[in-house]
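Colleague: Numbering (UniProt numbering), first residue to last: 1 to 830.
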DNA sequence: CTGGGGACGATC
DNA sequence: ATCGTCCCCAGC
């Protein structure tokens, strides 16, 4: 029996299966998906079995046996392995990287070396060195690492002993975490004889009597720790009873439950409004049919999408299938979790990055061991190891956080569609502002003349309770300036805030820029403070009084005089959240402000803490970056102010307008969701920009129409697909050289591919290579950055072309080599 | 003639 | 990625 193993060595050259012999004793245990330790190039590494075969591809003499099996249940299933292949192809990464992304990091084992005294070595206490005696004391075998730590000078001798055969070396894979085990006390099995024994306990051991009496009355096993606290005694007392054979103490597996001690109030399905019911019926039909189908649920904020999700999941579970709910990391608040736990109780597993490694592992095991049927989580929860998926819901599907920034650079939405196909599951993409990719996919419905393809559009244009969308006022900041107001708050926004304070209502202020100021400039000579490691201006942080780089974290003291001309006319320009906070305090003495940005929410749970405080009306204003725009729902918020809508509009990103529109629409939906009517004020220097005017009228369709026009004109997605290749190196000439080489190779292959297709340009099939050009931030962390862009459409294997070109350029890949990263733009492929 | 150091290639 | 091998040149 032969196992094909993908070894955990993430490089281009080892990105293929290696064959291993399955030892007889493991034959029944090893299957595709098993995690194993295998000897590889003179050491032991972790690997995944991806297939079982009868015959090896290589000469039998080269085969080595699998060294160890790491889990009793394989952490991957065949469908996840297949999905891994797809990811590694589509996103251009080694298969092991794709597979590793699917399991909790607790299962990322590292090889550990052990040394043992060889069997035939007799003890020779007189002449033995200390370290050898130490090994004997430890039972003949120790971790190499602990030997190194204790006897740093013995390295030479130990190495020699291994070479001579006096010591043997053994490697094993060790997981970062294991199942949590808790000492647990079991009540006596035979209560009658225990009663008898009770009387036999002498009076001086009164504590033992008390413990035993307690345990006789106890139905269930109890944690030792809890027992000791309840009866305020010590473990020796309990141990004594154990030794008498009256009690049993055993280690019991226990989940680390991040929501332990929280009771979730059970909720029942709410009656659906007509709009909700129609949407639900369509999803339920698809679930009944059991065929993969993608839905785009376009529901305005407050239209009751979550209740539709909950009932669709319930229907899915009733059909004996499982469901995954993806939510942006930032929206995965306890309130959000509560909605799902409240409806489905213990059958919900929660997966997100704020959990500790152990908690995450235990939630994952709940799914693996079929104790959970619903997974709620961020991006990576798309890999939840369910066997019969029926439904995948992606809430706020337009969110860019569904794209992973590190390798594997997958987009959870695209992976979801693929995974649903494997399982015959339904996908529901929910958003008030669908991404253009999803919208275009939905525009290809049978009705629009593309039968058999496309996502079904499910509109939910009504808000629950019929609340109107809040009125949105656009304030032209150029007018304000002309009117003599140079402050960061326009008069309408100032008046609005003042009114809210007087009425005891709350406001939310959005400014998509943290820190105090955007840049520091000398008015005399024009000097600006730049990061020494990146080509980017430093941001001043008021509290710590330092200039900080938001890309590499570099910090330096802020100058009081210009470092270049020594003038004192050095000033802070641009506005960050810290400065707004300061200004609010000046304008409204006594105002209570909660500031929420990366700087104030690094601590675990701080994000929720601030929101809870705000919900309890312990602050008047919630001020923050885009994290205040997402999913918050506070009844006393009646004013939402956007301090500078232009911040995201001018980013060097063809999605800048789309992101701005989404952000403004999202944040506008935060006001007046309850009894009190709301109001939104947007400050901007571009009041006529369509992203802003369409957001003002809550007019998604108008925005999409306009934006699609621009995208078509510029040949950007969804009218084509993109691959961005970024090259970086410490030396500028090296990057330029590699960039030129790469572009030449790409152009050559693109031409060749074009030859075989009809109508290269303007038709439905083309491939175009742009660059190399310097990236928008030409240097980060002391590395110069250049990029090439591949634009393509139709049936061309652009990723394949890129993969080959990258492999050719990255050939001499020693330490001095140019780093190349490949980014495939998201695309809903149906 | 030996021994360090960097390029090259294999790893089942 | 990491390790062993080969080959070259410097030093003895």
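Where is the CB? At the ideal position from N, CA and C, for every residue including glycine. Remember, it's a predicted structure, so these values are computed and weren't measured experimentally.
(1) Does the beta-carbon distance from residue 530 to residue 79 come in below 7 angstroms?
(2) Count the other CB atoms, across all protein chains shown, that sit within 10 Å of the CB of residue 196; report buried if there are 16 or more and exposed otherwise.
(3) Rounded to a whole number of angstroms, what is the C-alpha to C-alpha distance between residue 390 and residue 630?
(4) For residue 450, name the three-state secondary structure that DSSP assigns.
(5) With a cut-off of 8 angstroms on the beta carbons, I'd call residue 801 and residue 728 a contact; round off their distance for me.
(6) With respect to the alpha helix (DSSP H) encompassing residue 11, which residues constitute its N-terminal and C-terminal limits?
(7) Starting from residue 316 and walking both ways along the alpha helix (DSSP H), at which residues does that stretch end?
(8) Need the endpoints of the alpha helix (DSSP H) that residue 660 sits in, please.
(9) Over the uninterrupted beta strand (DSSP E) stretch that includes residue 375, give me the two end residues.
(10) When DSSP labels each residue in this structure, what does residue 784 get in the three-state scheme?
(11) Given this structure, state the Cα-to-Cα distance separating residue 753 from residue 650, to the nearest angstrom.
(12) Pull up the CB-CB distance for residue 388 and residue 321, whole angstroms please, since I reckon it's below 8 angstroms.
(13) Can the beta-carbon of residue 99 be found closer than 7 angstroms to that of residue 48?
(14) In terms of alpha-carbon separation, which member of 696, 679, 796, 625 lies closest to residue 722?
(15) Would residue 253 and residue 179 qualify as a contact pair, given that the criterion is a beta-carbon distance under 7 angstroms?
(16) Who does residue 171 pair with in a DSSP beta bridge?
(17) Could you spell out where the beta strand (DSSP E) holding residue 280 opens and where it closes?
(18) Report yes if the C-beta distance between residue 111 and residue 168 is below 7 angstroms; otherwise report no.
(19) Assuming residue 643 and residue 622 make a contact with CB atoms under 8 angstroms, what is their CB distance in whole Å?
(20) For the beta strand (DSSP E) that contains residue 459, what are its first and last residues?
(21) Between the C-alpha atoms of residue 578 and residue 624, what's the straight-line distance to the nearest angstrom?
(22) Quick one: residues in its chain with C-beta nearer than 8 angstroms to the C-beta of residue 105, no 5 flanking neighbours on either side, listed in chain order?
(23) In the structure shown, what three-state DSSP assignment does residue 577 receive?
(24) Roughly how many angstroms lie between the CA atoms of residue 543 and residue 232, to the nearest whole one?
(25) Restricting to Cα atoms, I'd like to know which of 582, 652, 654, 779 is closest to residue 533.
(26) If you draw a straight line from the C-alpha of residue 761 to the C-alpha of residue 92, how long is it?
(27) For residue 295 and residue 311, I'd like the C-alpha separation in whole angstroms.
(28) For residue 599, which residues in the same chain have their Cβ closer than 7 angstroms to its Cβ, ignoring the five residues on either side in sequence?
(29) Restricting to Cα atoms, I'd like to know which of 87, 26, 90, 186 is closest to residue 70.
(30) With a threshold of 7 angstroms on Cβ separation, who are the neighbours of residue 10 within its own chain once the five nearest residues in sequence on each side are excluded?
(31) Less than 8 angstroms between the CB atoms is what I'm expecting for residue 259 and residue 341, so what's the real figure, rounded?
(32) Is it the case that the Cβ atoms of residue 118 and residue 190 are separated by a distance below 7 angstroms?
(33) Quick test of the definition: if touching needs 3 or more C-beta pairs under 8 angstroms, does the stretch 196 to 215 touch the stretch 233 to 247?
(34) Would you call the stretch 781 to 796 in contact with the stretch 692 to 703, where contact means no fewer than 3 C-beta pairs closer than 8 angstroms?
(35) For a quick check, are the C-beta atoms of residue 433 and residue 681 less than 7 angstroms apart?
(36) Mind checking who residue 20 pairs with in its DSSP beta bridge?
Modeller: The answer reads as follows:
(1) Annotated as distal: residue 530 and residue 79, with beta-carbon spacing of 7 angstroms or more.
(2) Burial check for residue 196: the Cβ neighbour count within 10 Å stays below 16, so the residue is exposed.
(3) Distance between the alpha carbons of residue 390 and residue 630 is about 27 angstroms.
(4) In this prediction, residue 450 has a pLDDT of 47, which is less than 50 and means its spatial position is unreliable; nothing more can be read from the coordinates.
(5) With a Cβ gap of about 21 angstroms, residue 801 and residue 728 do not count as contacting.
(6) It is not in any alpha helix (DSSP H) - residue 11 carries neither H nor E in the DSSP assignment.
(7) 305 to 318 is the extent of the alpha helix (DSSP H) around residue 316.
(8) Residue range 656 to 668 is occupied by the alpha helix (DSSP H) that includes residue 660.
(9) 374 to 377 is the span of the beta strand (DSSP E), which, as asked, contains residue 375.
(10) DSSP places residue 784 in the strand class (E or B) of the three-state scheme.
(11) Straight-line Cα distance between these residues: approximately 35 angstroms.
(12) Your pair residue 388 and residue 321 checks out as a contact, with CB atoms roughly 5 angstroms apart and the cut at 8 angstroms.
(13) Contact annotation: residue 99 and residue 48 have beta-carbon atoms nearer than 7 angstroms.
(14) Nearest of 696, 679, 796, 625 to residue 722, Cα basis: 796.
(15) Note that the C-beta distance between residue 253 and residue 179 is below 7 angstroms.
(16) DSSP, once it has assigned bridges, lists 113 as partnering residue 171.
(17) That residue, residue 280, is in no beta strand (DSSP E); its alpha helix (DSSP H) goes 274 to 289.
(18) Not a contact, by the Cβ cut-off of 7 angstroms.
(19) Wrong, their Cβ atoms sit about 13 angstroms apart, outside the cutoff.
(20) 456 to 460 is the extent of the beta strand (DSSP E) around residue 459.
(21) Answer to the nearest angstrom: the Cα atoms are 9 angstroms apart.
(22) Cβ neighbours of residue 105 beyond the five flanking positions: 176, 357, 360.
(23) Helix, per DSSP.
(24) The alpha-carbon of residue 543 is positioned some 47 angstroms away from that of residue 232.
(25) For the residues 582, 652, 654, 779, the minimum Cα distance to residue 533 belongs to 779.
(26) Per-residue confidence for residue 761 stands at a pLDDT of 49, beneath the threshold of 50, marking its modelled position as unreliable; the derived number appears in the next sentence. Cα atoms of residue 761 and residue 92: separation of roughly 26 angstroms, rounded to the nearest angstrom.
(27) Taking the Cα positions, residue 295 is about 16 angstroms away from residue 311.
(28) Counting only Cβ-Cβ distances below 7 angstroms, and skipping sequence neighbours, we find 514.
(29) It is 26.
(30) For residue 10, same chain residues with a beta-carbon under 7 angstroms away, outside a window of 5 residues either side, are 94, 96, 97 in chain order.
(31) Yes, residue 259 and residue 341 are in contact; Cβ-Cβ is about 7 angstroms, under 8 angstroms.
(32) Contact flag unset, no.
(33) Contact between the stretch 196 to 215 and the stretch 233 to 247 is present, because at least three Cβ pairs lie under 8 angstroms.
(34) No, because fewer than three Cβ pairs between the stretch 781 to 796 and the stretch 692 to 703 fall closer than 8 angstroms, the two stretches do not touch.
(35) Taking 7 angstroms as the cut-off, the beta carbon of residue 433 is found no closer than this to the beta carbon of residue 681.
(36) Answer is 3, 64.
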